[in-house]
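> Let me begin by handing over the structure; questions about it come next.
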Amino acid sequence: MSNWTPGQSSSLYRVPDWGAGFFSVSENGNLLVRPRRHARSADGHSQEIDLKKLVEELGRRGLRRPMLIRFSDILATRIEELAESFAAAVTDNAYSGRWRGVYPIKVNQQAHVVEEIIEFGAPFGVGLEAGSKPELLIALALLDTKDALLVCNGYKDRAYVETALLAQSLGRNPIIVIDRFSEIELIVAASASLGIRPHVGLRAQLSTVGAGRWIASSGEHSKFGLSADELVRAIERLRREDMLDCVELLHFHIGSQITTIHAHKEALREAMRVYVGLHRMGADSLHLLDVGGGLGVDYLGSLTDDPSSMNYSMKEYANDVVFAAAQACTEAGIPAPDIITESGRAMVAHQSVLVFDIIGVNRDPSGQRVEACGDSDHAVLHALFEAVESIAPDSLSERYHDLIHARDEAASLFSLGYLDLEGRAKSERLFRAGCVRIGHILEQLGEPREEFEDLRKLLTETYFGNFSIFQSVPDAWAIKQVFPVMPIHRLEQEPTRRGVIVDLTCDSDGRLDRFIGDGEDQPTLRLHPWNGEPYFLAIFLVGAYQEILGDLHNLFGDTDAVHVRLDPTRPDDLIDESESDTTSSQKYSVEHYVEGDAVTDVLSYVQYDKRGLGERVQHTIEQALRDGRISLEDSALLRRRFDEGLNGYTYLRDEG
Ligand SMILES: Cc1ncc(COP(=O)(O)O)c(C=O)c1O
Numbered sequence: 320m321s322n323w324t325p326g327q328s329s330s331l332y333r334v335p336d337w338g339a340g341f342f343s344v345s346e347n348g349n350l351l352v353r354p355r356r357h358a359r360s361a362d363g364h365s366q367e368i369d370l371k372k373l374v375e376e377l378g379r380r381g382l383r384r385p386m387l388i389r390f391s392d393i394l395a396t397r398i399e400e401l402a403e404s405f406a407a408a409v410t411d412n413a414y415s416g417r418w419r420g421v422y423p424i425k426v427n428q429q430a431h432v433v434e435e436i437i438e439f440g441a442p443f444g445v446g447l448e449a450g451s452k453p454e455l456l457i458a459l460a461l462l463d464t465k466d467a468l469l470v471c472n473g474y475k476d477r478a479y480v481e482t483a484l485l486a487q488s489l490g491r492n493p494i495i496v497i498d499r500f501s502e503i504e505l506i507v508a509a510s511a512s513l514g515i516r517p518h519v520g521l522r523a524q525l526s527t528v529g530a531g532r533w534i535a536s537s538g539e540h541s542k543f544g545l546s547a548d549e550l551v552r553a554i555e556r557l558r559r560e561d562m563l564d565c566v567e568l569l570h571f572h573i574g575s576q577i578t579t580i581h582a583h584k585e586a587l588r589e590a591m592r593v594y595v596g597l598h599r600m601g602a603d604s605l606h607l608l609d610v611g612g613g614l615g616v617d618y619l620g621s622l623t624d625d626p627s628s629m630n631y632s633m634k635e636y637a638n639d640v641v642f643a644a645a646q647a648c649t650e651a652g653i654p655a656p657d658i659i660t661e662s663g664r665a666m667v668a669h670q671s672v673l674v675f676d677i678i679g680v681n682r683d684p685s686g687q688r689v690e691a692c693g694d695s696d697h698a699v700l701h702a703l704f705e706a707v708e709s710i711a712p713d714s715l716s717e718r719y720h721d722l723i724h725a726r727d728e729a730a731s732l733f734s735l736g737y738l739d740l741e742g743r744a745k746s747e748r749l750f751r752a753g754c755v756r757i758g759h760i761l762e763q764l765g766e767p768r769e770e771f772e773d774l775r776k777l778l779t780e781t782y783f784g785n786f787s788i789f790q791s792v793p794d795a796w797a798i799k800q801v802f803p804v805m806p807i808h809r810l811e812q813e814p815t816r817r818g819v820i821v822d823l824t825c826d827s828d829g830r831l832d833r834f835i836g837d838g839e840d841q842p843t844l845r846l847h848p849w850n851g852e853p854y855f856l857a858i859f860l861v862g863a864y865q866e867i868l869g870d871l872h873n874l875f876g877d878t879d880a881v882h883v884r885l886d887p888t889r890p891d892d893l894i895d896e897s898e899s900d901t902t903s904s905q906k907y908s909v910e911h912y913v914e915g916d917a918v919t920d921v922l923s924y925v926q927y928d929k930r931g932l933g934e935r936v937q938h939t940i941e942q943a944l945r946d947g948r949i950s951l952e953d954s955a956l957l958r959r960r961f962d963e964g965l966n967g968y969t970y971l972r973d974e975g
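Here is the structure:
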């Protein structure tokens, strides 16, 4: 028996690094969620949720796996932290402006998420940013926080601009940001015809480039923003229209997931030069500095400039933004602007966890046992056996070469007819047993050696997950984003296997083979032997961008999703600690249950009609009945399966 501890699992999967205090491993080996970190409820209860138990309880409520769980309290905590980081920076820098953050709807447009952001952000005046007409309509309808800003970005047409202008009459605070020079004429015309003076923002195209994957969003070739020349011309044009006093905001955005604080500092310095320059040109109604998004999420927990990490904290970022604004305005002798951030990723990434089952494993290395050879076995099998038996720490390379040689020879002998199928099978088993043995010794020596790279691949097992990478973590495929992935139970047991995870799609790209490692990404994940019992894995920090970018590859649709809130007021007598409980054993409440796509839904996206398909199948069944190719009972069963299939979940279901 290994004396593995849950603490070792916590270090192995680097939970304290990427978990940001929201996740930890319990004494009994389950993953814990602490949506409020270490805060305790008024009556002293620690506010943590056992994720494995939660998943089981949600299953008993009818929620299907894969399931996406959104922890509302994590979202609230992240919003509070952002607001508090800026509040502290404002105080520390004796800054005269204030923070007025907005949430960019594009990062996660799900209605319940946006509604919660408005709810949790209201005490801090958090507003919304729209990057398209549909997003503007969402913001217009939902954003009722007094004073909160509605920043209108993205491509605009007349309808977009008019809607934004008219929103003022509803008491909303829309600021129409001129992202492209040509939008000035649209705004001038729409405002004249409606007789409404706009609140205008100017988006500057900085020459500072970002850092990280979206470097192309910034710099002179970026899609949006006005060059210095266009900014000057915009000021002149608006002055001619007597609209210079409408210019209230300067905006810039150097890309999402900016990995270095240096890039932020450089951009801020350049942006403040623009801000001061516009003021000097007479745009003295400018009073808002919108620093865009870019605040990263440390998916790896490595605090580095890796594309999936970041080398700074939220606090450092807030401080640098405020400091840069304060310094430039003091030097120029102009009033300090209120500061708007458009940080979406940093708000919503941590709250969502995708949980899925492992439904099988291939290449279970039962090769631990070394089969002896008898007189009837071919000489090549004896050679393999001897190679395996003589493996020792000081002869790993030689024995590995012997094994490869003998295995290849066995394959040739088989092709030429000198070895039968059973013999070939035994050669494979012996070879594998040898590899497992070498793998164990290498593990104990703890020194990865390049010459054994192929052996490592060979010993990697493939764990089949009941989910779709393309639907649930598309960035893992599209941009090779690394997300934290780990089992959510059995963490008191040593994960003795190394695996990659493949999804349900028939696409060979549907695999996770980059995991958080020591410094570098690892090609395999340590996992437990699969024993046919439920084995739950989770992918963490998937709240930003993944849901909307997810696609229907192989027609796997949206998963079931649920919002879970801590409920410290839940009376203790409703808490049943027994294993055979009928009530929940934890203090949480389920706020929303969003049912995932049924097969009919995904079929309708590709223009199949349920009734039409049913009729076609029934017609074919009738023909088969007439021809005597199917019995009445089987025809009824087939029809039932067909109808159930149409109404069912797109993922695999455990029939129980
Ligand atoms: C204009 C604008 N604002 C905000 C964001 C959101 O940024 P982040 O992903 O860093 O939260 C984006 C996304 O790239 C953006 O284009």
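In my numbering, each number is its position in the sequence shown, counted from 1, plus 319.
Using N, Cα and C, we set each Cβ at its ideal position, and we do this for glycine too.
Counting only runs that start and end within the segment 688–734, where is the alpha helix (DSSP H) found for 4 or more residues in a row?
For the segment 688–734, whole alpha helix (DSSP H) runs of length 4 or above, ordered along the chain, are 698–708.
> What's the C-alpha gap between Ala547 and Ala523?
Numbered from its first residue, the sequence shown carries residue 547 at position 228. Numbered from its first residue, the sequence shown carries residue 523 at position 204. Spanning the two alpha carbons is a distance of roughly 8 angstroms.
> List the residues that DSSP assigns as beta-bridge partners of Pro806.
Locating residue 806 in the sequence shown gives position 487, counting from the first residue. In DSSP, Pro806 forms a bridge with Leu856.
> Give the secondary structure of Asn966 by DSSP, where H, G and I count as helix, E and B as strand, and everything else as coil.
Within the sequence shown, residue 966 is the residue found at index 647, counting from 1. Reduced to three states, the DSSP call for Asn966 is helix.
> Just list the residues that DSSP pairs Leu885 with in beta bridges.
Reading the sequence shown from its first residue, position 566 is the one you call residue 885. Its beta-bridge partners are Tyr907.
> Do Asn427 and ligand 1 come close, with the Cβ less than 6 angstroms from some heavy atom?
Taking the first residue of the sequence shown as position 1, residue 427 is located at position 108. No, the Cβ of Asn427 stays beyond 6 angstroms of every heavy atom of ligand 1.
> Between the beta-carbon of Phe859 and the beta-carbon of Val672, is there less than 7 angstroms?
Here residue 859 is taken as the residue at index 540 of the sequence shown, counted from 1. Here residue 672 is taken as the residue at index 353 of the sequence shown, counted from 1. Closer than 7 angstroms, so yes.
> Are the segment 825–833 and the segment 913–928 touching by the rule of at least three beta carbon pairs closer than 8 angstroms?
Touching, no.
> Do Leu505 and Val480 have their beta-carbon atoms positioned less than 7 angstroms apart in this structure?
To locate residue 480, count along the sequence shown from 1; it is residue 161. To locate residue 505, count along the sequence shown from 1; it is residue 186. A contact, by the Cβ cut-off of 7 angstroms.
> If you measure between the beta carbons of Leu587 and His598, is that distance less than 7 angstroms?
As a first step, residue 587 is located in the sequence shown; it is residue number 268 there, counting from the start. As a first step, residue 598 is located in the sequence shown; it is residue number 279 there, counting from the start. Contact flag unset, no.
> Thinking C-beta only, is Pro385 closer than 7 angstroms to Tyr970?
As a position in the sequence shown, residue 970 is number 651, starting the count at 1. As a position in the sequence shown, residue 385 is number 66, starting the count at 1. Yes; because the gap between Cβ atoms is below 7 angstroms, this pair is in contact.
> Restricting to Cα atoms, I'd like to know which of Thr482, Leu777, Ala441 and Ser714 is closest to Ser451.
Residue mapping note: residue 451 aligns to position 132 of the sequence shown, counting from 1. Of the candidates Thr482, Leu777, Ala441 and Ser714, the one whose C-alpha sits nearest the C-alpha of Ser451 is Thr482.
> Would you identify the three-state DSSP class for Arg592, choosing helix, strand or coil?
Your numbering for residue 592 matches position 273 in the sequence shown. Three-state result, Arg592: helix.
> Provide the residue(s) that pair with His570 in DSSP beta bridges, ordered along the chain.
Within the sequence shown, numbered from 1, the residue matching residue 570 stands at position 251. Per DSSP, Arg522 and Asp609.
> Which residues in the same chain have their Cβ closer than 6 angstroms to the Cβ of Arg383, if we skip the five residues on either side of it in sequence?
Position 64 of the sequence shown, counted from the start, is the residue given in the question as residue 383. Here the set comprises Asp879 and Tyr968.
> Select from Asp639, Leu331 and Val801 the residue whose C-alpha is nearest the C-alpha of Arg412.
Locating residue 412 in the sequence shown gives position 93, counting from the first residue. Position check: residue 412 holds Asn in this sequence, whereas Arg was assumed. Ranking the options by Cα distance to Asn412, first place goes to Asp639.
> Quick check: is any heavy atom of ligand 1 less than 6 angstroms from the C-beta of His302?
Since the displayed the chain opens at 320 and closes at 975, residue 302 lies outside it and no answer follows.
> Could you check if Asn472 belongs to the surroundings of ligand 1, using beta carbon to heavy atom distance under 6 angstroms?
Stepping through the sequence shown from its first residue, residue 472 is reached at position 153. Yes - ligand 1 has a heavy atom lying nearer than 6 angstroms to the Cβ of Asn472.
> Measuring only the C-alpha atoms, how far is Val883 from Glu399?
Locating residue 883 in the sequence shown gives position 564, counting from the first residue. Locating residue 399 in the sequence shown gives position 80, counting from the first residue. The straight-line gap from Cα to Cα measures roughly 18 angstroms.
> If contacts are defined as beta-carbon pairs under 8 angstroms, then Val819 and Thr779 qualify, I think. What distance do you get, rounded to the angstrom?
In the sequence shown, counting from the first residue as 1, residue 819 sits at position 500. In the sequence shown, counting from the first residue as 1, residue 779 sits at position 460. Right, the Cβ-Cβ distance comes to about 6 angstroms (below 8 angstroms), so this counts as a contact.
> Taking 7 angstroms as the CB-CB cut-off, is Gly931 touching chain C?
Of the chains in the structure shown, none is chain C; there is only one protein chain.
> Quick one: residues in its chain with C-beta nearer than 6 angstroms to the C-beta of Ala458, no 5 flanking neighbours on either side, listed in chain order?
In the sequence shown, counting from the first residue as 1, residue 458 sits at position 139. The answer, listed in chain order, is Leu447, Ala449 and Leu469.
> Buried or exposed: Gln905, going by 16 or more other Cβ atoms within 10 Å of its Cβ?
Position 586 of the sequence shown holds residue 905. With 16 or more other Cβ atoms within 10 Å, it is buried.
> In its own chain, which residues sit with a C-beta less than 8 angstroms from the C-beta of Trp337, not counting the 5 before and 5 after it?
Locating residue 337 in the sequence shown gives position 18, where the first residue counts as 1. Hits under 8 angstroms: Asp617, Tyr618, Leu619, Gly620, Pro803, Ile835, Phe859 and Leu860.
> Secondary structure at Leu619, three-state DSSP: helix, strand or coil?
Position 300 of the sequence shown, counted from the first residue, corresponds to residue 619. Coil, per DSSP.
> Given 6 angstroms as the limit, tell me if Arg664 has its C-beta closer than that to any heavy atom belonging to ligand 1.
Residue numbering aside, residue 664 sits at position 345 when the sequence shown is read from its first letter. Yes.
> With distances taken between CB atoms, is the gap from Ile659 to Arg419 smaller than 7 angstroms?
To locate residue 659, count along the sequence shown from 1; it is residue 340. To locate residue 419, count along the sequence shown from 1; it is residue 100. Contact: yes.
> Would the C-beta of Gly531 count as close to ligand 1, meaning under 6 angstroms from any of its heavy atoms?
For the purposes of this step, residue 531 is taken as residue 212 along the sequence shown, with counting starting at 1. No, ligand 1 has no heavy atom inside 6 angstroms of this Cβ.
> Can you find a heavy atom of ligand 2 that lies under 6 angstroms from the Cβ of Phe642?
Of the ligands one can find in the structure shown, namely ligand 1, none is ligand 2.
> Considering Cα atoms alone, identify which of Met629, His669, Gly574 and Glu747 is closest to Leu387.
Counting from one through the sequence shown, the residue named residue 387 turns up at place 68. The shortest C-alpha separation from Leu387 is found at His669.
> Which of the three DSSP states is assigned to Ala530 in this structure?
In the sequence shown, counting from the first residue as 1, residue 530 sits at position 211. Here Ala530 sits in coil by DSSP.
> Val699: buried (16+ other C-beta within 10 angstroms of its C-beta) or exposed?
Stepping through the sequence shown from its first residue, residue 699 is reached at position 380. By the 10 Å Cβ count, Val699 comes out buried.
> How big is the Cα-Cα spacing for Ala857 and Pro793?
Here residue 857 refers to the residue found at position 538 when the sequence shown is read from its first residue. Here residue 793 refers to the residue found at position 474 when the sequence shown is read from its first residue. Answer to the nearest angstrom: the Cα atoms are 15 angstroms apart.
> Can the beta-carbon of Ile495 be found less than 7 angstroms from the beta-carbon of Pro517?
Within the sequence shown, residue 495 is the residue found at index 176, counting from 1. Within the sequence shown, residue 517 is the residue found at index 198, counting from 1. Contact flag set, yes.
> Flag this pair as yes or no: are the beta carbons of Met666 and Arg356 separated by less than 7 angstroms?
Taking the first residue of the sequence shown as position 1, residue 666 is located at position 347. Taking the first residue of the sequence shown as position 1, residue 356 is located at position 37. No, they are not a contact pair.
> Does the structure place the segment 937–953 close enough to the segment 834–854 that three or more beta carbon pairs sit under 8 angstroms?
Verdict: no, contact absent.
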